[in-house]
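Engineer: Numbering (full-length UniProt numbering), first residue to last: 6 to 269. Note that CB positions come from ideal geometry on N, CA and C, so glycine has one too. I have a structure I would like to understand better, so I am pasting it below and will then ask my questions one at a time.
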Ligand code: NAD
């Protein structure tokens with residue numbers, strides 16, 4: 006994969022620590038020669054993100070709270086000043102009140118519903134609009150989703166509803182931006198132990214279930230997601246847009262296990 010991303014500049018949004026899916030993706034594209042900028046949310050994360058960015062030779066580490074339009078504006082204004090143009094963006098951001106990532110979806114409050122949709126769905130549309138204005142030669146946008154968008158998964162609740170809307174917005178954005186040579190895709194990742202995932206009820210059990218029931222009989226890693234992201238962000242994925250690509254050890258194709266499946 007060496008050289009695949011040579012000369013390409015990309016923004017990685019959503020790096021919190023070295024367990025983040027954003028980190029798996031950043032390493033894969035940096036290994037392939039991409040030059041990276043990072044955005045982080047809040048001062049507390051800056052001290053974690055700075056050294057990780059430095060490991061990949063990046064010095065452009067910028068604050069951005071995606072719930073704040075002015076903050077998104079400021080991020081892209083700085084990027085435009087420093088780089089002029091952009092080739093790809095990775096949006097690895099989601100958020101909901103963790104008290105509502107357990108119990109019943111029916112009990113979701115209006116405030117948390119709106120906040121979850123704002124941060125986890127609308128932000129990708131806002132980012133796509135800003136980023137596409139900096140992509141005169143085309144580009145690639147990528148977001149992260151989960152199977153809870155398609156089927157009911159325990160405790161995923163309002164985040165499942167948000168991911169369904171995110172996947173729909175990937176399709177609409179693909180149509181809007183396709184004529185400018187900009188591709189828009191999502192990776193539907195299997196469960197991975199990250200900071201965000203630790204807010205989801207019974208997450209260990211969900212991971213065990215996935216490991217026992219997926220065709221590959223294992224969970225995926227951030228490296229697996231990174232390598233698939235490289236395909237979608239690079240010229241290897243040139244013919245692919247509007248797609249939700251599953252990187253989940255095949256879990257989404259299974260309806261029911263045969264009786265000789267391992268005990269669960
Ligand atoms: P993570 O905690 O490492 O990353 C989540 C990121 O979202 C953090 O960096 C956080 O700062 C950022 N964020 C939250 N609110 C924000 C805001 N208002 N403004 C800017 N940034 C904000 O966890 P992760 O699991 O790597 O999550 C990345 C993406 O992957 C999310 O969209 C998540 O839903 C998705 N995903 C995760 C899994 C999993 O099992 N971990 C599976 C499928 C999809």
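#1: Could you spell out the range, first to last residue, of the alpha helix (DSSP H) harbouring residue 83?
#2: For the stretch 189-197 against the stretch 219-230, do three or more pairs of beta-carbon atoms, one drawn from each stretch, fall closer than 8 Å, so that the two count as touching?
#3: At a threshold of 7 Å, does residue 157 count as lining the ligand NAD (C-beta to nearest heavy atom)?
#4: Within the structure, which residues are defined as neighbours of the ligand NAD by a Cβ-heavy atom distance below 5 Å, reported in chain order?
#5: Anyone know if the C-beta pair for residue 13 and residue 81 falls short of 8 Å?
#6: Closest to residue 261 by CA distance: which of 215, 235 and 9 is it?
#7: Between the stretch 63-70 and the stretch 240-253, do three or more beta carbon pairs fall short of 8 Å?
#8: Among all the DSSP beta bridges, which residues are the ones paired with residue 251?
#9: Could you compute how far the alpha carbon of residue 41 sits from the alpha carbon of residue 106?
#10: Quick one, which of 97, 143 and 110 has its alpha-carbon nearest residue 126's?
#11: In three-state DSSP terms, what is residue 240?
#12: In whole angstroms, what separates the C-alpha of residue 143 from that of residue 86?
#13: Is residue 18 helix, strand or coil by DSSP?
#14: Pull the bridge partners of residue 187 from the DSSP assignment, please.
#15: Quick one: grab the DSSP three-state call for residue 129.
#16: Find out if the Cβ-Cβ distance for the pair residue 60, residue 38 is shorter than 8 Å.
#17: Within 10 Å of its beta-carbon, does residue 112 have 16 or more other beta-carbons around it, so buried, or fewer, so exposed?
#18: Given this structure, state the Cα-to-Cα distance separating residue 169 from residue 233, to the nearest angstrom.
#19: Where residue 152 and residue 224 are concerned, what is the direct C-alpha to C-alpha distance, given to the nearest angstrom?
Structural biologist: For this structure:
#1: Counted from its first residue, the chain shown places residue 83 at position 78. Residues 74-88.
#2: Three or more Cβ pairs closer than 8 Å define a contact, and the stretch 189-197 meets that threshold against the stretch 219-230.
#3: As a working note, residue 157 is residue 152 in the chain shown. It does not: the Cβ of residue 157 is nowhere closer than 7 Å to a heavy atom of the ligand NAD.
#4: Those residues having their beta-carbon less than 5 Å away from any non-hydrogen atom of the ligand NAD are, in chain order, 19, 21, 25, 26, 46, 70, 71, 72, 97, 98, 99, 100, 124, 149, 151, 194, 196, 197, 199, 200, 201 and 202.
#5: Counting from 1 along the chain shown, the entry for residue 13 is found at position 8. Counting from 1 along the chain shown, the entry for residue 81 is found at position 76. Going by C-beta atoms, residue 13 is not nearer than 8 Å to residue 81.
#6: On the chain shown, residue 261 is found 256 positions in, with the first residue counted as 1. It is 215.
#7: No, they do not touch.
#8: By 1-based counting over the chain shown, the position of residue 251 is 246. Looking at the DSSP assignment, residue 251 forms a beta bridge with 193.
#9: The count along the chain shown starts at 1 and reaches residue 41 at position 36. The count along the chain shown starts at 1 and reaches residue 106 at position 101. Distance from the CA atom of residue 41 to the CA atom of residue 106, rounded to whole angstroms, is 32 Å.
#10: For the purposes of this step, residue 126 is taken as the residue at position 121 of the chain shown. Looking only at 97, 143 and 110, the smallest Cα-Cα distance to residue 126 is reached by 97.
#11: Taking the chain shown and counting its residues from 1, one reaches residue 240 at position 235. Note: residue 240 maps to helix in three-state DSSP.
#12: Start at 1 with the first residue of the chain shown, and residue 143 comes out as number 138. Start at 1 with the first residue of the chain shown, and residue 86 comes out as number 81. Their Cα atoms are separated by approximately 19 Å.
#13: Here residue 18 refers to the residue found at position 13 of the chain shown. The three-state reading of DSSP puts residue 18 in strand, counting E and B together.
#14: On the chain shown, residue 187 is found 182 positions in, with the first residue counted as 1. Residue pairing by DSSP places residue 187 opposite 144 in a beta bridge.
#15: As a working mapping, residue 129 is identified with position 124 in the chain shown. Annotated three-state conformation of residue 129 is helix, per DSSP.
#16: Counting from one through the chain shown, the residue named residue 60 turns up at place 55. Counting from one through the chain shown, the residue named residue 38 turns up at place 33. Against a cut-off of 8 Å, the Cβ pair of residue 38 and residue 60 comes out as no contact.
#17: Working through the chain shown from its first residue, we reach residue 112 at position 107. Under the 10 Å beta carbon count, residue 112 is surrounded by fewer than 16 other beta carbons and is classified as exposed.
#18: In the chain shown, counting from the first residue as 1, residue 169 sits at position 164. In the chain shown, counting from the first residue as 1, residue 233 sits at position 228. Looking at the two C-alpha atoms, the distance is approximately 21 Å.
#19: Position 147 of the chain shown holds residue 152. Position 219 of the chain shown holds residue 224. For residue 152 and residue 224, the gap between their C-alpha atoms comes out near 14 Å.
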